[in-house]
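Residues in the sequence shown are numbered consecutively from 752, following our numbering.
A virtual CB, placed ideally from N, CA and C, is assigned to each residue, including glycine.
As the structure is a prediction and not an experimental result, all values here were calculated from the model.
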Amino acid sequence: MDDRCEKIRLQKYMAHCGVASRRHSEELIRSGKVKVNGKVITEMGFLVSDQDIVEVEGKIIKKEDKKIYIMLNKPAGYITSAVDPRGRKTVLDLIKGVSERIYPVGRLDYDTTGLLLLTNDGDFAYRATHPGKEITKTYLAEVLGTPSNKALDALRNGVEIDGRLTSPAQVEIVEMKDNSTVLKIVIHEGRNRQVKKMCEAVGHRVIKLARIKFGNLTLGNLRPGEWRYLSQAEVSQILGGKNGHIK
Numbered sequence: 752m753d754d755r756c757e758k759i760r761l762q763k764y765m766a767h768c769g770v771a772s773r774r775h776s777e778e779l780i781r782s783g784k785v786k787v788n789g790k791v792i793t794e795m796g797f798l799v800s801d802q803d804i805v806e807v808e809g810k811i812i813k814k815e816d817k818k819i820y821i822m823l824n825k826p827a828g829y830i831t832s833a834v835d836p837r838g839r840k841t842v843l844d845l846i847k848g849v850s851e852r853i854y855p856v857g858r859l860d861y862d863t864t865g866l867l868l869l870t871n872d873g874d875f876a877y878r879a880t881h882p883g884k885e886i887t888k889t890y891l892a893e894v895l896g897t898p899s900n901k902a903l904d905a906l907r908n909g910v911e912i913d914g915r916l917t918s919p920a921q922v923e924i925v926e927m928k929d930n931s932t933v934l935k936i937v938i939h940e941g942r943n944r945q946v947k948k949m950c951e952a953v954g955h956r957v958i959k960l961a962r963i964k965f966g967n968l969t970l971g972n973l974r975p976g977e978w979r980y981l982s983q984a985e986v987s988q989i990l991g992g993k994n995g996h997i998k
């Protein structure tokens, strides 16, 4: 069968074209910003192939032949998005010299720093963020006060946020200061503002948060605002051996 005729879900096609992650692609579809062959589509299960003409916000999109995988050390003061209607700086403002259309994998809050991945590979983004893949994310969270052993055990065993329990986490004290404590927290979920909400649930507000590790990937000597391409081996750690084009 001709690959060009193979039909896949519209949001997956958009992710493969480097428009956005599947989740954000679904948001674009729901908001009526996507057309297929001239018709606005709002249905999540709509199927398309390479022979269809797909437009996002008036621009025709096509699959990217060259797959791009980037690691950024995100500084505070940037939003994790491709564009911002409010005109704030986005993480893409930090990526210079890349002509391919890329988007962030998951999110880090405006004031959260550290390791952020960007790509135009929808499969890579899916595997990196899907809870079922259980790829760990490691954070350093500075919280107000000193958590008790009971609070630490609660974080490790699961706390209720947004109406449901978090999965077990690895939590240890890294440093104790006069009025705050630095915790290392390892989770494999990726819920919205999860680490901050977990700490707030046990009575300790996060005053500083940085992601230092994604799976086995680390920032190394990348300084805030700097980025680099991932190696083939690093991409394979996420994709499970699938080959991609690495610069």
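Counted as a single uninterrupted DSSP element, the alpha helix (DSSP H) harbouring residue 900 occupies residues 900 to 908.
Residue 828 and residue 915 have their alpha carbons spaced roughly 30 Å apart. C-alpha of residue 769 to C-alpha of residue 819: approximately 9 Å in a straight line.
If only complete runs of 4 or more residues are kept, the segment 841 to 921 shows the alpha helix (DSSP H) at 873 to 880 and 900 to 908, in order along the chain. Residue 857 places its beta carbon 8 Å or farther from that of residue 773. For residue 937, the enclosing beta strand (DSSP E) stretches over residues 931 to 938. Look at residue 771 here: in three-state DSSP terms it is coil, with no helix or strand label.
By the 16-neighbour rule on beta-carbons within 10 angstroms, residue 757 is exposed. In the pairwise beta carbon analysis, the segment 954 to 970 is classified as not touching the segment 845 to 855: fewer than three pairs are separated by under 8 Å. Under the DSSP assignment, residue 949 falls outside any beta strand (DSSP E), being part of the alpha helix (DSSP H) whose first and last residues are 945 to 952.
Residue 960 is a Cβ neighbour of residue 863, given a cutoff of 8 Å. Within a 10 Å sphere around the beta-carbon of residue 945 sit 16 or more other beta-carbons, which makes this residue buried.
Assigned with DSSP and collapsed to three states, residue 968 falls in strand. Straight-line measurement puts the Cα of residue 973 at about 39 Å from the Cα of residue 783. Contact check for residue 909 against residue 918 passes: the beta carbons are separated by less than 8 Å.
In the DSSP annotation of this structure, the continuous segment of the alpha helix (DSSP H) that includes residue 989 starts and ends at 983 to 990. DSSP places residue 834 outside any beta strand (DSSP E), giving it a letter other than H or E. The Cβ atoms of residue 925 and residue 933 sit closer than 8 Å to each other. DSSP lists 864 and 891 as the beta-bridge partner residues of residue 961.
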